[in-house]
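If you're matching them up, the sequences are chains A and B in order. Counting in numbering that gives the first Met the number 0, the first sequence runs from 0 upward without gaps. Counting in numbering that gives the first Met the number 0, the second sequence runs from 0 upward without gaps. Positions of the beta carbon are idealized from the N, C-alpha and C atoms, including for glycine.
2 protein chains.
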Amino acid sequence: MSERTELETLGEFGLIDRLNPKKEIKNESTIIGIGDDAAALKYDGKLVLVSTDALVEGVHFDMVYTPLKHLGYKACIANFSDIYAMNGTPKQITISLAVSNRFSVEAMEELYSGIHMACDKYNVDIVGGDTTSSSSGLFMSITVIGEVEQENIVRRSGAKAHDLICVTGDLGSSYAGLLVLQREKAEYLANPNIQPDFSSYEYVLERQLKPEAGRKTIEWFKDNNIKPTSMIDISDGLASEMLHICKNSEVGCELYIEKFPVDYETSRTLEEFKIMADVGALNGGEDYELLFTIDQKDFAKIESNENITVIGHITDKSMGAQLVTPQNTTIELRAQGWNHFGVKE
Amino acid sequence: MSERTELETLGEFGLIDRLNPKKEIKNESTIIGIGDDAAALKYDGKLVLVSTDALVEGVHFDMVYTPLKHLGYKACIANFSDIYAMNGTPKQITISLAVSNRFSVEAMEELYSGIHMACDKYNVDIVGGDTTSSSSGLFMSITVIGEVEQENIVRRSGAKAHDLICVTGDLGSSYAGLLVLQREKAEYLANPNIQPDFSSYEYVLERQLKPEAGRKTIEWFKDNNIKPTSMIDISDGLASEMLHICKNSEVGCELYIEKFPVDYETSRTLEEFKIMADVGALNGGEDYELLFTIDQKDFAKIESNENITVIGHITDKSMGAQLVTPQNTTIELRAQGWNHFGVKE
Chain A
0 MSERTELETL
10 GEFGLIDRLN
20 PKKEIKNEST
30 IIGIGDDAAA
40 LKYDGKLVLV
50 STDALVEGVH
60 FDMVYTPLKH
70 LGYKACIANF
80 SDIYAMNGTP
90 KQITISLAVS
100 NRFSVEAMEE
110 LYSGIHMACD
120 KYNVDIVGGD
130 TTSSSSGLFM
140 SITVIGEVEQ
150 ENIVRRSGAK
160 AHDLICVTGD
170 LGSSYAGLLV
180 LQREKAEYLA
190 NPNIQPDFSS
200 YEYVLERQLK
210 PEAGRKTIEW
220 FKDNNIKPTS
230 MIDISDGLAS
240 EMLHICKNSE
250 VGCELYIEKF
260 PVDYETSRTL
270 EEFKIMADVG
280 ALNGGEDYEL
290 LFTIDQKDFA
300 KIESNENITV
310 IGHITDKSMG
320 AQLVTPQNTT
330 IELRAQGWNH
340 FGVKE
Chain B
0 MSERTELETL
10 GEFGLIDRLN
20 PKKEIKNEST
30 IIGIGDDAAA
40 LKYDGKLVLV
50 STDALVEGVH
60 FDMVYTPLKH
70 LGYKACIANF
80 SDIYAMNGTP
90 KQITISLAVS
100 NRFSVEAMEE
110 LYSGIHMACD
120 KYNVDIVGGD
130 TTSSSSGLFM
140 SITVIGEVEQ
150 ENIVRRSGAK
160 AHDLICVTGD
170 LGSSYAGLLV
180 LQREKAEYLA
190 NPNIQPDFSS
200 YEYVLERQLK
210 PEAGRKTIEW
220 FKDNNIKPTS
230 MIDISDGLAS
240 EMLHICKNSE
250 VGCELYIEKF
260 PVDYETSRTL
270 EEFKIMADVG
280 ALNGGEDYEL
290 LFTIDQKDFA
300 KIESNENITV
310 IGHITDKSMG
320 AQLVTPQNTT
330 IELRAQGWNH
340 FGVKE
């Protein structure tokens, strides 16, 4: 960036004004946006959905290979995804941001350009926030507010024996993209003159840096009169999310490894890192795909959607959570999801 | 604390369970709390109010003299205060937390005990959150959700000429408490064997460490059929907040310095620091009192409330924002509020 304006030259209110130029309100439910003690929203006849996600520099992202614009975009997507996972629609967000003075006003504008881009694409209003300094690093917390008709809400707890287990899109690609970025960082640190070559990793890098949330799937459910029996978004890996559904629904499951949808580029990239594609699909995080269960009567409808794959079925709780190998043996499903306190759980 | 459990031994989900033991839901509007992708709230017939506040170690608080329990309590109060400032009632919060591994599980429990205490006192449900690690320090962002009938909402923008300007409680005390804590910290660092003596500073320290939000005032408004024409909570100092009302309402004001409500202990403490009581009242932050304007017809009602002081009146915009001294001279009102980017604005 050619220009550098120090954060302290604007002050908090100046910065908020600069990052949030007056914009049209997108949603009828947004009555008052930024600029008062609180935003005011109108949600008559629908449930209000609320979810919060925190992103911390050095824990959730590395500034060396995460452009700020992508970071802003991705932070929004992670939040929208939680609302879609309840079969709802995101409508508003608030943003809490703490940044050290190593960031300039222009850097914050870059971050916000990604936030605005995501909000424009998903039709979400920014209705509030708090921007402050930190002694080191960047911390961002986004709270998303959305809506759902009470009768349409889908929880983690509704799966029942014989339901089919489905996922959208493909799995493990975001993790594959992260591995590529980490490798290039290590190479760059060893030899700063080498230019990274990302040409054969476009898909996995896009999945890592600019993921999308499940809006199309939720709209398709509505258009096709489908209500999943349970649903969750895949932020910590398929295994971890599946176990959440099993626990909350008090059921078991059988997942067929050979059914896991893995993109060719993902599989080839994971192979470079000596990681089996199914392991990447099970434990890689940040795909923001939806994992859900449906009653068997909806199978024909689901089959018509090319973006949805049936990967298993729900069983009685006594059967436990099982992976079925291509050789038809079973392995107990365990979560090795991402744990931001540094332990596997 | 005698016990120390490392955060990593519990993992994120274990920590969330430990910090949020299953509790009764306090509000009818809380349909689903913690434990799914999002919380679900029901706000039929009322507006949903949303506000977010961030607290950063080393910027908003100093761990040397801020007990974690007080920090949790105060963070909640700061948020509830924003909802009362819209003439609403806080109902739910979500908590985003990033902590370094220098904090133990017990320390987080201490923080949460303050959060639970505030939520119990103000009848607020904790409906979600995200807890993660940070490479250094503690960052907390709380989002509060509340309700108000659409016809009762009070904004910053409704003040009109001849309205009376009122504040609740007294001003500058929280700032006085902060000065005492900072002085004791400096003395402690110079000589760790000295025990701090806080015996004559109880009130100002309580105001700094355990402030309260404006619930009683809002309830009193309702009981007495009063709707302020504009309102804001005093988090950055009277001067800064008054200028927000003037700007948003497009009016001027006259504030009478001799009317400022300043407690005796506050005034005595500020004097020790060679700060005039009125300067402390104007620019000290974190009082969480309410600043509001009323139509003159409500004067008799306001007069009956001992917790409310009339400190001035609204004028035409062309008159500007003025302070009136006891000698009846005027000074232009300027904000020297707290700016967390290190400049005065």
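Boundaries (first-last residue) of the alpha helix (DSSP H) holding residue i
i	result
Tyr-263/A	263-271
Met-107/B	104-121
Thr-216/B	214-222
Ala-53/B	Not the alpha helix (DSSP H): Ala-53/B falls in the beta strand (DSSP E), residues 46-55.
Leu-208/A	201-208
Ser-239/B	237-248
Gly-171/A	Where Gly-171/A is concerned, there is no enclosing alpha helix (DSSP H), given that its DSSP letter is neither H nor E.
Per-residue DSSP class, three states only, for residue i
i	result
Ala-38/A	strand
Gln-321/A	strand
Asp-232/B	strand
Glu-344/A	Because the pLDDT of Glu-344/A is 34, which lies under 50, any placement of that residue in the model is unreliable, and the question is left without a value.
Gly-311/B	strand
Thr-142/A	strand
Ile-362/B	Given that chain B is displayed from residue 0 to residue 344, the structure contains no residue 362/B and the question cannot be resolved.
Phe-298/B	helix
Val-153/B	coil
Gln-335/A	coil
Gly-127/A	strand
Ile-15/B	helix
Leu-180/B	helix
Leu-281/B	helix
Thr-329/B	strand
Leu-9/B	coil
Opening and closing residue of the beta strand (DSSP E) in which residue i lies
i	result
Gln-91/A	88-98
Asp-81/A	Counting along the chain, Asp-81/A falls outside any beta strand (DSSP E), though it belongs to the alpha helix (DSSP H) covering 67-83.
Leu-254/B	251-255
Thr-292/A	289-293
Ile-30/A	29-31
Cβ neighbours of residue i in the same chain (closer than 6 Å, five flanking residues each side left out)
i	result
Lys-25/B	Asn-122, Asp-124
Pro-325/A	Glu-257
Arg-206/A	Ser-172, Ser-173, Gly-176
Thr-8/A	none
His-243/A	Arg-155, Ile-231
Met-318/A	Gly-251
Beta-carbon proximity list for residue i, same chain, < 8 Å, skipping 5 on both sides
i	result
Pro-195/B	Glu-183, Glu-186, Tyr-187
Gly-57/B	Gly-136
Leu-204/B	Gly-176, Val-179, Leu-180, Phe-197
Phe-220/B	Asn-86, Lys-226, Pro-227
Leu-18/A	Met-107, Glu-108, Tyr-111, Thr-130
Glu-270/A	Ala-276
Gly-348/A	Limits of chain A in this structure are 0 at one end and 344 at the other, which puts residue 348/A out of reach.
Chain-order list of residues whose beta-carbon lies under 7 Å from that of residue i (same chain, five-residue window excluded)
i	result
Glu-105/A	Met-0, Glu-2, Arg-3, Thr-4
Asn-282/B	Gly-236, Ala-238, Gln-335, Gly-336
Thr-308/A	Cys-165, Val-166, Lys-258, Pro-260
Lys-300/B	Asn-223, Ile-225
Leu-322/A	Leu-254, Ile-256, Thr-329, Ile-330, Leu-332
Ala-280/B	Leu-170, Gly-171, Leu-237, Phe-259, Val-261
Item checked: Contact between the region 253-265 of chain B and the region 135-153 of chain B (3+ Cβ pairs under 8 Å) -> no
Notebook entry, point to check: Which of the residues in the region 21-49 of chain B, read from start to end, lie with their CB under 8 Å from any CB of chain A?
Noted result: Ile-30, Ile-31, Gly-34, Asp-35, Asp-36, Ala-37, Ala-38, Ala-39, Leu-40, Lys-41, Tyr-42, Asp-43, Gly-44, Leu-46, Val-47, Leu-48, Val-49
Margin query: What are the residues in the region 116-132 of chain A lying within 9 Å of chain B by C-beta distance?
Written below: Val-126, Gly-127, Gly-128, Asp-129, Thr-130, Thr-131, Ser-132
Next item on the list: Check distances from the C-beta atoms of the region 245-274 of chain B to those of chain A and list, in chain order, the residues that come in under 8 Å.
Entry: So the close ones are Asn-247.
Next item on the list: Flag this pair as touching only if the region 66-74 of chain B and the region 70-77 of chain A have three or more C-beta atom pairs under 8 Å; answer yes or no.
Entry: no
Next item on the list: Name, going along the chain, the residues of the region 198-232 of chain A whose beta-carbon falls closer than 7 Å to a beta-carbon of chain B.
Entry: Ile-231, Asp-232
Note to self: Using a Cβ distance threshold of 8 Å, determine whether the region 88-96 of chain A contacts the region 28-35 of chain A, with at least three qualifying pairs required.
What the structure shows: yes
Item checked: Cβ pair count under 8 Å reaching 3, the region 44-54 of chain B against the region 127-145 of chain A -> yes
Next item on the list: Decide if the region 301-319 of chain B is in contact with the region 152-167 of chain B; the criterion is three or more beta carbon pairs, one per stretch, under 8 Å apart.
Entry: These segments touch.
Next item on the list: Scan the region 56-76 of chain B for residues whose Cβ lies nearer than 8 Å to a Cβ of chain A and list them as they occur along the chain.
Entry: Glu-56, Gly-57, Val-58, His-59
Notebook entry, point to check: For the region 137-154 of chain B, which residues have a CB atom closer than 8 Å to at least one CB atom of chain A, in sequence order?
Noted result: Phe-138, Ser-140, Thr-142, Val-143, Ile-144, Gly-145, Val-147, Gln-149, Ile-152, Arg-154
Item checked: Near-chain B residues of the region 80-92 of chain A (beta-carbon distance less than 9 Å), N- to C-terminal order -> Ser-80, Asp-81, Ile-82, Tyr-83, Ala-84, Met-85, Gly-87, Gln-91
Note to self: Short of 8 Å Cβ to Cβ, which residues in the region 170-194 of chain B face chain A?
What the structure shows: From the region 170-194 of chain B, no residue has a Cβ closer than 8 Å to chain A.
Check: For the region 95-118 of chain B, which residues have a beta carbon sitting closer than 8 Å to at least one beta carbon of chain A?
Finding: Those would be Ser-95, Leu-96, Ala-97, Asn-100, in chain order.
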